[in-house]
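Student: Residue numbers (the working numbering), protein chains in the order written: chain A, 1004 to 1468; chain B, 259 to 501.
Glycine is no exception: its CB is placed at the ideal position from the N, C-alpha and C atoms.
Quick caveat: nothing in here was measured; it's all calculated off a predicted structure.
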């Protein structure tokens, strides 16, 4: 029979016990799937954030990641326009690429000479149109609004800064930044002394046109070193202060037009960039793109000292975060698997004891030991399968409810709340693999009592009361 | 040729530090197509004898030949197959599978014997008709009376056309009227199908229906006699007994 039918009827016969086992399994599986769905969302959200900002790949000078931040001028890619043209025109790469853009990273000293304050900043010169295109990337269909670059439609000397930078340069009021802490009065008085030789003078000397600084738009000065090591400074209009998400970035970031950044670092010399950014339609194409770019780097771009790095290499925190959540998920799985193991094992063991006479009867009728074992393993398998099916449905329903609630939370280190979503629907691989894993656990837990049933002495089993 | 042949069979059960001799050097032959009863007091060894004949227990000594097959040489799986094809069981407590209907209980041994579905259907309904439960074939054992359950058990035991049907005190849990009806039914089926029925019982009603009776006490077969209900065959021809 029908072994499966017989197993199913025996499960139904012991409704209460089977119900408890199925419920425990279902709740366990749904917990795994819910957390797995949350990890999925974290991973997709992180990846989307990185890809929108940096693309999947950057082509950089070898050593830039280790040494270039301190000395971007030395790691600039010369004649980068040729490389960009070559990449865009490559027949293998072109269908996979959304954007090929460029950026120039630099560090410097940002100052507000009027207030007598300054701080170290990390600036990023970007091509605004490319940034706007890149920000549309949403391959995982996340619930988020498209936000164009803060530099859209601004003049070439415009910048936007992190809220922390605005706070420290004391320009929050002019930028209408809400919830911006102000320094104690005595600190402001001390800082407001004239700066006869500081970056303010340098800025005025470098840009006589700074007569316009008394406009409504707040200004800042950015001092950096040029490619030749000489200091260079620019007066910039701060158009907006933006919450950068992570406090450390928020306190240092300045976003600016690429051309402005290039003028600061390279002056009248031929401009360079520190990174050529590749954004792909799908991250699944990363291996193919990397292989092709490496091929180009070894042939037509040979000798230029370039390498390709993906966003995970550039930002190791991606893998670290994903690995952390995956490890927690693994721990949850182990705990729930242990509960399922105990529940199914216990249900099967009890069933074996209760049905000892039945085992003896079946054996006397000619059922082999393997048949008895399979019958009980089948019951464990069915309990696991029903629990898995109910758990999957439960997880899908719960995930839908959570997603409909539009919840948000502020992750550790972040300064802005992010959507709290659970991505279970569509991740059929996770649903299937979790179900299969639980089925394996259920079978394993039924194996021992089933083996005991199979080894029973027929006469003893028939005598059992 | 005997359907059951035991030669110098002994069975000893260890119980803590004591060894209980359930069967002691028993030899007997049972002719085919008979209604045979093994009689004796509780603990006399009649159930052990039936277990050994039914190939669900093995003797410590001696040889057992069932339906011409020396069963001592068979592996556990081979013994299971042998039981499925040659032996039907009727238990004191009926031992029907509670989750299966009467129909499915009778069908189960046919599935084990890999009988095709169409043939199974015919055979099951034929047997249920024969035991008077054609209209109860959808009922589970829980909804049947004791007598009806035992009828289903009889039908199940006969399903695969076994050579031997073993019944361990089949009337012990039935009232006398039902017990009598069951005995009559079994007797009828035995005659119609020519199957060898071997009972263990000390119920006089069962003994009264027997073709031959073996009396057993303290693990030894004391006597074998042909009962008046059936013509007695020559001792050396069909029913040799020694203890």
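Scan the segment 286-318 of chain B for residues whose Cβ lies nearer than 7 Å to a Cβ of chain A and list them as they occur along the chain.
Tutor: Cβ contacts with chain A: 309, 312, 314 and 315.
Student: Given residue 354 of chain B, which residues of its chain have a CB within under 7 Å of its CB, disregarding the five upstream and five downstream residues?
Tutor: Start at 1 with the first residue of the second chain, and residue 354 of chain B comes out as number 96. The residues are 363, 399, 407, 410 and 411.
Student: Return the first residue and the last residue of the beta strand (DSSP E) that residue 419 of chain B is part of.
Tutor: Indexing the second chain from 1 puts residue 419 of chain B at position 161. Taken as a continuous stretch (DSSP letters only), residue 419 of chain B belongs to no beta strand (DSSP E), as it is neither H nor E.
Student: Could you tell me which chain B residues have their CB closer than 9 Å to the CB of residue 1356 of chain A, listed as they occur along the chain?
Tutor: Start at 1 with the first residue of the first chain, and residue 1356 of chain A comes out as number 353. Ordered by position in chain B, no residue passes the 9 Å Cβ test against residue 1356 of chain A, which lies about 15 Å from the chain.
Student: Going along the segment 1363-1394 of chain A in order, which residues come within less than 9 Å of chain B, judged by CB to CB distance?
Tutor: So the close ones are 1363, 1364, 1365, 1366, 1367, 1368, 1369, 1370, 1371, 1372, 1373 and 1374.
Student: Kindly say whether residue 361 of chain B, judged by its beta-carbon, lies nearer than 9 Å to any beta-carbon of chain A.
Tutor: Reading the second chain from its first residue, position 103 is the one you call residue 361 of chain B. No, because no Cβ of chain A sits closer than 9 Å to the Cβ of residue 361 of chain B.
Student: Using 9 Å as the limit for Cβ to Cβ distance, is residue 1013 of chain A near chain B?
Tutor: Here the question's residue 1013 of chain A lines up with position 10 in the first chain. Taking Cβ atoms only, chain B reaches closer than 9 Å to residue 1013 of chain A, which makes this a yes.
Student: Helix, strand or coil for residue 397 of chain B, going by three-state DSSP, please let me know.
Tutor: Taking the second chain and counting its residues from 1, one reaches residue 397 of chain B at position 139. Correct three-state label for residue 397 of chain B: coil.
Student: Which residues in chain A have a C-beta closer than 8 Å to the C-beta of residue 349 of chain B? List them in chain order.
Tutor: Indexing the second chain from 1 puts residue 349 of chain B at position 91. Simply 1364 and 1465.
Student: Taking 9 Å as the threshold (C-beta atoms), are residue 1280 of chain A and residue 1034 of chain A in contact?
Tutor: Taking the first chain and counting its residues from 1, the one referred to as residue 1034 of chain A is at position 31. Taking the first chain and counting its residues from 1, the one referred to as residue 1280 of chain A is at position 277. No, these two residues do not count as a Cβ contact at 9 Å.
Student: In angstroms with no decimal places, state the Cα-to-Cα distance between residue 1459 of chain A and residue 1363 of chain A.
Tutor: By one-based count along the first chain, residue 1459 of chain A stands at place 456. By one-based count along the first chain, residue 1363 of chain A stands at place 360. Going from the Cα of residue 1459 of chain A to the Cα of residue 1363 of chain A covers about 8 Å.
Student: Which residues in chain B sit within 9 Å of residue 1024 of chain A, going by Cβ to Cβ distance?
Tutor: Here residue 1024 of chain A is taken as the residue at index 21 of the first chain, counted from 1. In chain order: nothing, as chain B lies at least about 17 Å away.
Student: Quick one: what does DSSP say residue 1150 of chain A is sitting in, helix, strand or coil?
Tutor: Counting from one through the first chain, the residue named residue 1150 of chain A turns up at place 147. Residue 1150 of chain A: coil per DSSP, three-state reduction.
Student: What's the gap between the Cα of residue 357 of chain B and the Cα of residue 1394 of chain A?
Tutor: The residue labelled residue 357 of chain B in the question sits at position 99 within the second chain. The residue labelled residue 1394 of chain A in the question sits at position 391 within the first chain. Their backbone Cα atoms lie some 27 Å apart in a straight line.
Student: Output yes or no for whether 9 Å exceeds the beta carbon distance between residue 414 of chain B and residue 367 of chain B.
Tutor: Locating residue 414 of chain B in the second chain gives position 156, where the first residue counts as 1. Locating residue 367 of chain B in the second chain gives position 109, where the first residue counts as 1. Yes.
Student: Can you tell me whether DSSP reads residue 460 of chain B as helix, strand or coil?
Tutor: Sequence index remark: in the second chain, residue 460 of chain B carries index 202 (1-based). Note: residue 460 of chain B maps to coil in three-state DSSP.
Student: Which residue's Cα is closest to the Cα of residue 1116 of chain A: A/1328, A/1133 and A/1238?
Tutor: Working through the first chain from its first residue, we reach residue 1116 of chain A at position 113. That would be A/1238, whose Cα lies nearest to the Cα of residue 1116 of chain A.
Student: What residue ranges within the segment 1038-1088 of chain A form continuous beta strand (DSSP E) runs of no fewer than 3 residues, ordered along the chain?
Tutor: 1060-1064, all fully within the segment 1038-1088 of chain A.
Student: Got a sec: is the Cβ-Cβ distance from residue 1016 of chain A to anything in chain B below 9 Å?
Tutor: Taking the first residue of the first chain as position 1, residue 1016 of chain A is located at position 13. Taking Cβ atoms only, chain B reaches closer than 9 Å to residue 1016 of chain A, which makes this a yes.
Student: Strictly below 7 Å CB to CB, what residues from chain A border residue 438 of chain B?
Tutor: As a position in the second chain, residue 438 of chain B is number 180, starting the count at 1. None at all; the shortest Cβ gap to chain A is about 25 Å.
Student: If you follow the beta strand (DSSP E) that residue 1256 of chain A is in, where does it begin and where does it stop?
Tutor: What you label residue 1256 of chain A is simply residue 253 of the first chain in a count that begins at 1. Its beta strand (DSSP E) spans residues 1256-1260.
Student: With a threshold of 9 Å between beta-carbons, can residue 357 of chain B be considered close to chain A, or not?
Tutor: Taking the second chain and counting its residues from 1, one reaches residue 357 of chain B at position 99. With 9 Å as the cut-off, residue 357 of chain B counts as an interface residue toward chain A.
Student: Beta carbon of residue 1304 of chain A, beta carbon of residue 1136 of chain A: below 9 Å?
Tutor: Taking the first chain and counting its residues from 1, one reaches residue 1304 of chain A at position 301. Taking the first chain and counting its residues from 1, one reaches residue 1136 of chain A at position 133. It is not a contact, given that the beta carbons lie outside the stated cut-off.
Student: Please tell me whether residue 343 of chain B has its Cβ less than 9 Å away from any Cβ of chain A.
Tutor: Along the second chain, one-based indexing puts residue 343 of chain B at 85. Closer than 9 Å to some Cβ of chain A, the Cβ of residue 343 of chain B qualifies, so yes.
Student: Which same chain residues, not among the five before or five after residue 1212 of chain A, have their C-beta less than 7 Å away from its C-beta?
Tutor: Here residue 1212 of chain A is taken as the residue at index 209 of the first chain, counted from 1. Low local confidence applies: a pLDDT of 48 at residue 1212 of chain A is under 50, so the model's placement there is unreliable, and no value is given.
Student: Could you tell me which residues DSSP puts in a beta bridge with residue 1243 of chain A?
Tutor: Taking the first residue of the first chain as 1, we reach residue 1243 of chain A at position 240. Looking at the DSSP assignment, residue 1243 of chain A forms a beta bridge with A/1163.
Student: Got a sec: is the Cβ-Cβ distance from residue 388 of chain B to anything in chain A below 9 Å?
Tutor: Taking the first residue of the second chain as position 1, residue 388 of chain B is located at position 130. Answer no: the Cβ-Cβ gap between residue 388 of chain B and chain A never drops below 9 Å.
Student: Would you say the segment 1015-1028 of chain A touches the segment 1375-1389 of chain A, given that touching needs at least three Cβ pairs under 8 Å?
Tutor: A contact exists between the segment 1015-1028 of chain A and the segment 1375-1389 of chain A.
Student: Please classify residue 1013 of chain A as buried or exposed, where buried requires at least 16 neighbouring CB atoms within 10 angstroms.
Tutor: Counting from 1 along the first chain, the entry for residue 1013 of chain A is found at position 10. Residue 1013 of chain A is buried by the Cβ-count criterion.
Student: For residue 1446 of chain A, which residues from the same chain have a beta carbon less than 8 Å from its beta carbon, with the 5 sequence-adjacent residues on both sides left out?
Tutor: The sequence position of residue 1446 of chain A within the first chain is 443, counting from 1. Taken in chain order, the residues that qualify are 1380, 1383, 1384 and 1387.
Student: Tell me the residue span of the alpha helix (DSSP H) that contains residue 306 of chain B.
Tutor: Your numbering for residue 306 of chain B matches position 48 in the second chain. Its alpha helix (DSSP H) spans residues 304-311.
Student: Could you name the residues of the same chain whose beta carbon sits closer than 6 Å to that of residue 1065 of chain A, not counting the 5 residues immediately before and after it, in chain order?
Tutor: Here residue 1065 of chain A refers to the residue found at position 62 when the first chain is read from its first residue. Closer than 6 Å at Cβ, skipping near neighbours: 1308 and 1310.
Student: Helix, strand or coil: which one does DSSP assign to residue 1439 of chain A?
Tutor: Here residue 1439 of chain A refers to the residue found at position 436 when the first chain is read from its first residue. Note: residue 1439 of chain A maps to helix in three-state DSSP.
Student: Report the start-end ranges of each alpha helix (DSSP H) in the segment 1314-1371 of chain A that is 4 residues or longer and not cut off at the edges.
Tutor: Runs found: 1314-1317, 1320-1357 and 1359-1368.
Student: If contact means a Cβ-Cβ distance below 7 Å, which residues of the segment 419-433 of chain B contact chain E?
Tutor: Here chain E cannot be found, since the structure's protein chains are A and B.
Student: Whole angstroms is fine: what's the gap from residue 465 of chain B's alpha carbon to residue 446 of chain B's?
Tutor: Counting from 1 along the second chain, the entry for residue 465 of chain B is found at position 207. Counting from 1 along the second chain, the entry for residue 446 of chain B is found at position 188. Going from the Cα of residue 465 of chain B to the Cα of residue 446 of chain B covers about 15 Å.
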